[in-house]
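Colleague:
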């Protein structure tokens with residue numbers, strides 16, 4: 001599929017008999033499947049595919065959905081690591097299926113693909129993101145200013161002020177961090193890394209004037225103090241945001257604000 | 001290009017032999033991790049921050065207190081074999097060691113209890129389990145702290 005030199009007439013994409021060094025290898029995708037209208041239990045289902053190891057897990061899922069089993073359900077929109085739709089647990093780690101190459105995750109063994117943890121599974125790899133977005137909304141992720149007049153020009157900011165929160169502007173809300181957090185797994189009441197990262201983005205923005213309110217919200221019983229600095233979120237973030245560091249900076253802001 | 005093993009049990013197209021129809025709808029799945037009206041109201045106190053800070057500060061102090069305690073009790077001057085009623089009586093004759101032990105008792109108990117409280121919060125899933133575990137924890141903590149404090153202050157070296 002990805003190699004333009006291959007004959008596309010072979011619709012299934014299998015290697016041509018004549019090709020001596022075919023790029024294709026056989027991989028097993030072990031997908032966690034769940035259909036509440038058929039069974040209350042989720043089950044593993046194996047799919048064997050001929051695939052170029054330079055392709056991504058998302059391509060493998062597409063092959064399954066388009067050519068093998070159309071009932072396989074998963075989210076994806078842009079398929080290029082920006083929309084944040086296809087976070088899933090691949091070989092036990094939260095990743096974006098569209099940014100994970102087959103060759104990077106040991107295709108010799110079956111590749112497990114599960115929905116992200118801590119959120120209710122609706123079908124196959126699709127989870128209910130509502131609790132995640134509720135926590136996001138709770139931190140008021142939008143610019144708040146005390147000046148109610150319509151601004152007549154841009155809100156200017158120095159490069160240093162912009163740099164202060166640059167890291168946390170990269171979030172794409174894929175939920176890879178929050179659904180990798182063991183504290184969130186327990187009861188889902190913890191705000192979660194993603195909500196704190198997006199609060200951090202405005203708390204440390206010199207143009208925003210509601211940092212105090214956001215800090216107060218995150219001072220909650222289920223706010224930043226439930227973070228155990230396990231760094232799962234930092235490891236999981238497909239955008240390379242230093243999530244745990246951002247959470248620690250919010251904690252520090254809360255402490256230094258009071259003393 | 002691709003083969004699949006026989007469709008796993010419990011998964012398959014909904015069309016055709018579905019278990020459910022209009023008269024027998026599929027069971028509604030309650031989202032267990034939602035913020036609903038039943039979710040406890042958020043707290044806006046500073047207790048969690050104080051607890052978090054206490055853990056860090058008491059931890060630093062406890063490193064000195066506990067390591068010093070272990071060194072004196074188990075290593076220096078003949079090691080553990082020297083410890084007896086007379087040794088404790090001799091030490092608690094000095095207010096310095098009384099304060100040392102009292103501080104260690106309070107900080108260690110509160111530090112440990114707060115640590116266990118967070119463990120219960122993180123791992124106990126049902127509200128009732130949390131309530132009972134924390135109730136047991138707080139009772140044991142208060143009992144131990146009060147008993148220890150009582151002993152330190154009312155210790156009588158001439159007891160028969």
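Residue numbers (UniProt numbering), protein chains in the order written: chain A, 1 to 259; chain B, 1 to 160. The beta carbon of each residue, even a glycine, is placed where N, CA and C say it ideally should be.
From residue 91 of chain B to residue 94 of chain A, what does the alpha carbon distance come to, in whole angstroms?
Modeller: Taking the second chain and counting its residues from 1, the one referred to as residue 91 of chain B is at position 91. Taking the first chain and counting its residues from 1, the one referred to as residue 94 of chain A is at position 94. Residue 91 of chain B and residue 94 of chain A: Cα-Cα distance of roughly 56 Å.
Colleague: Mind checking which residues open and close the beta strand (DSSP E) that includes residue 261 of chain A?
Modeller: Because chain A in this structure spans residues 1 to 259, residue 261 of chain A falls outside the shown range and cannot be described.
Colleague: Can you tell which of A:169, A:31, A:150 and A:123 has its C-alpha closest to the C-alpha of residue 49 of chain A?
Modeller: If you number the first chain from 1, residue 49 of chain A lands on position 49. Comparing Cα-Cα distances from residue 49 of chain A to each of A:169, A:31, A:150 and A:123, the minimum goes to A:31.
Colleague: Who are the neighbours of residue 26 of chain B on chain A, taking C-beta pairs under 8 Å?
Modeller: Within the second chain, residue 26 of chain B is the residue found at index 26, counting from 1. By Cβ distance, chain A contributes 36 and 37.
Colleague: Is the region 213 to 222 of chain A in contact with the region 232 to 245 of chain A, if contact means three or more CB pairs nearer than 8 Å?
Modeller: Touching, no, given that fewer than three Cβ pairs across the two stretches are closer than 8 Å.
Colleague: Per the DSSP calculation, residue 45 of chain A is bridged to which residue(s)?
Modeller: To locate residue 45 of chain A, count along the first chain from 1; it is residue 45. Answer is A:31.
Colleague: Taking residue 255 of chain A as the query, report the chain B residues whose CB atoms sit under 8 Å from its CB, ordered along the chain.
Modeller: One-based indexing of the first chain puts residue 255 of chain A at position 255. Residues of chain B passing the Cβ test: 49 and 53.
Colleague: With DSSP as the reference, please indicate the residues paired to residue 89 of chain A in a beta bridge.
Modeller: As a working mapping, residue 89 of chain A is identified with position 89 in the first chain. Paired residue(s): A:94 and A:114.
Colleague: With a threshold of 8 Å between beta-carbons, can residue 59 of chain A be considered close to chain B, or not?
Modeller: On the first chain, position 59 is the one that residue 59 of chain A refers to. False, the Cβ-Cβ gap to chain B never drops below 8 Å.
Colleague: Could you please tell me which residues of the region 117 to 130 of chain A, in chain order, have their CB closer than 9 Å to any CB of chain B?
Modeller: Within the region 117 to 130 of chain A, the residues whose Cβ lies closer than 9 Å to some Cβ of chain B are 118, 119, 120, 121, 122, 124, 128 and 130, listed in chain order.
Colleague: Cβ of residue 94 of chain A less than 8 Å from any chain B Cβ?
Modeller: For the purposes of this step, residue 94 of chain A is taken as the residue at position 94 of the first chain. Chain B, which has no Cβ nearer than 8 Å to the Cβ of residue 94 of chain A, makes this no.
Colleague: Using the Cβ count rule (16 or more neighbours within 10 Å means buried), how would you classify residue 257 of chain A?
Modeller: Locating residue 257 of chain A in the first chain gives position 257, counting from the first residue. Exposed, because fewer than 16 other Cβ atoms sit within 10 Å of the Cβ of residue 257 of chain A.
Colleague: Within the same chain, show all residues whose beta-carbon is closer than 6 Å to that of residue 157 of chain B, passing over the 5 residues directly before and after it, in chain order.
Modeller: The count along the second chain starts at 1 and reaches residue 157 of chain B at position 157. Result list for residue 157 of chain B: 89, in chain order.
Colleague: Under the rule that 16 or more other beta-carbon atoms within 10 Å means buried, what is residue 161 of chain A, buried or exposed?
Modeller: The sequence position of residue 161 of chain A within the first chain is 161, counting from 1. Label assigned to residue 161 of chain A: exposed.
Colleague: Would you verify that the beta carbon of residue 66 of chain A is, or is not, closer than 8 Å to some beta carbon of chain B?
Modeller: Residue mapping note: residue 66 of chain A aligns to position 66 of the first chain, counting from 1. No, because no Cβ of chain B sits closer than 8 Å to the Cβ of residue 66 of chain A.
Colleague: With respect to the alpha helix (DSSP H) encompassing residue 63 of chain A, which residues constitute its N-terminal and C-terminal limits?
Modeller: Taking the first residue of the first chain as position 1, residue 63 of chain A is located at position 63. Residues 57 to 63.
Colleague: If we call anything under 8 Å between Cβ atoms a contact, is residue 123 of chain B one with residue 106 of chain A?
Modeller: In the second chain, the residue the question calls residue 123 of chain B occupies position 123. In the first chain, the residue the question calls residue 106 of chain A occupies position 106. No, Cβ-Cβ distance for residue 123 of chain B and residue 106 of chain A is not below 8 Å.
Colleague: Closer than 8 Å, CB to CB, is residue 8 of chain A near chain B or not?
Modeller: Within the first chain, numbered from 1, the residue matching residue 8 of chain A stands at position 8. With a pLDDT of only 47 at residue 8 of chain A, under the threshold of 50, the placement of this residue in the model should not be trusted; the figure read from the coordinates follows. By this cut-off, residue 8 of chain A is not an interface position.
Colleague: Identify whether residue 82 of chain A lies in helix, strand or coil by the three-state DSSP scheme.
Modeller: Along the first chain, one-based indexing puts residue 82 of chain A at 82. Of the three classes helix, strand and coil, the one that applies to residue 82 of chain A here is coil, per DSSP.
Colleague: Below 8 Å, can you find three or more Cβ-Cβ pairs linking the region 176 to 194 of chain A to the region 135 to 145 of chain A?
Modeller: With the cut-off at 8 Å, the region 176 to 194 of chain A and the region 135 to 145 of chain A touch.
Colleague: Check residue 158 of chain A in the structure and name its three-state DSSP category.
Modeller: Mapped onto the first chain, residue 158 of chain A falls at position 158. Reduced to three states, the DSSP call for residue 158 of chain A is coil.
Colleague: Compare the C-beta of residue 20 of chain B with all C-beta atoms of chain A and state if any pair is closer than 8 Å.
Modeller: Taking the first residue of the second chain as 1, we reach residue 20 of chain B at position 20. Judged by the 8 Å Cβ criterion, residue 20 of chain B is in contact with chain A.
Colleague: From residue 120 of chain A to residue 53 of chain A, what distance separates their C-alpha atoms?
Modeller: Taking the first residue of the first chain as position 1, residue 120 of chain A is located at position 120. Taking the first residue of the first chain as position 1, residue 53 of chain A is located at position 53. Cα-Cα distance, rounded: 32 Å.
Colleague: Does the Cβ of residue 196 of chain A have 16 or more other Cβ atoms within 10 Å, making it buried, or fewer, making it exposed?
Modeller: Taking the first chain and counting its residues from 1, the one referred to as residue 196 of chain A is at position 196. Under this definition residue 196 of chain A is a buried residue.
Colleague: Does residue 187 of chain A come within less than 8 Å of chain B when only Cβ atoms are used?
Modeller: Here the question's residue 187 of chain A lines up with position 187 in the first chain. Output row for residue 187 of chain A: interface = yes.
Colleague: Nearest chain A C-beta to residue 1 of chain B closer than 8 Å, yes or no?
Modeller: Position 1 of the second chain, counted from the start, is the residue given in the question as residue 1 of chain B. Confidence in residue 1 of chain B is poor, its pLDDT being 45 and thus under 50, which makes the residue's placement too unreliable to answer from.
Colleague: Determine whether the Cβ of residue 77 of chain B lies closer than 8 Å to any Cβ atom of chain A.
Modeller: Against the second chain, residue 77 of chain B aligns to sequence position 77. Taking Cβ atoms only, chain A never reaches closer than 8 Å to residue 77 of chain B, which makes this a no.
Colleague: Looking at chain A, is there any beta carbon in it that lies within less than 8 Å of the beta carbon of residue 4 of chain B?
Modeller: Along the second chain, read from residue 1 onward, the residue named residue 4 of chain B stands at position 4. Here the model assigns residue 4 of chain B a pLDDT of 45, short of 50, so the residue's position is not dependable, and the following value carries that caveat. Closer than 8 Å: yes.
Colleague: Strictly by DSSP, which residues pair up with residue 53 of chain B?
Modeller: Locating residue 53 of chain B in the second chain gives position 53, counting from the first residue. For residue 53 of chain B, which the question treats as bridged, DSSP gives no partner whatsoever.
Colleague: Which residues in the same chain have their Cβ closer than 6 Å to the Cβ of residue 125 of chain A, if we skip the five residues on either side of it in sequence?
Modeller: The residue labelled residue 125 of chain A in the question sits at position 125 within the first chain. Excluding positions up to five away in sequence, the list reads 74, 88 and 115.
Colleague: So what does DSSP say about residue 255 of chain A, is it helix, strand or coil?
Modeller: Start at 1 with the first residue of the first chain, and residue 255 of chain A comes out as number 255. In the structure shown, residue 255 of chain A sits in a helix (DSSP, three-state: H, G or I).
Colleague: Take the Cβ of residue 165 of chain A as the centre, count every other Cβ of all protein chains shown within 10 Å, and call the residue buried at 16 or more, exposed below.
Modeller: As a first step, residue 165 of chain A is located in the first chain; it is residue number 165 there, counting from the start. It counts as buried.
Colleague: Determine, using beta carbons only, whether residue 123 of chain B comes closer than 8 Å to chain A.
Modeller: What you label residue 123 of chain B is simply residue 123 of the second chain in a count that begins at 1. Yes, because at least one Cβ of chain A sits closer than 8 Å to the Cβ of residue 123 of chain B.
Colleague: Measuring only between beta-carbons, confirm whether residue 247 of chain A sits less than 8 Å from chain B.
Modeller: As a first step, residue 247 of chain A must be located in the first chain, where it is residue number 247. So no, residue 247 of chain A is outside the interface.
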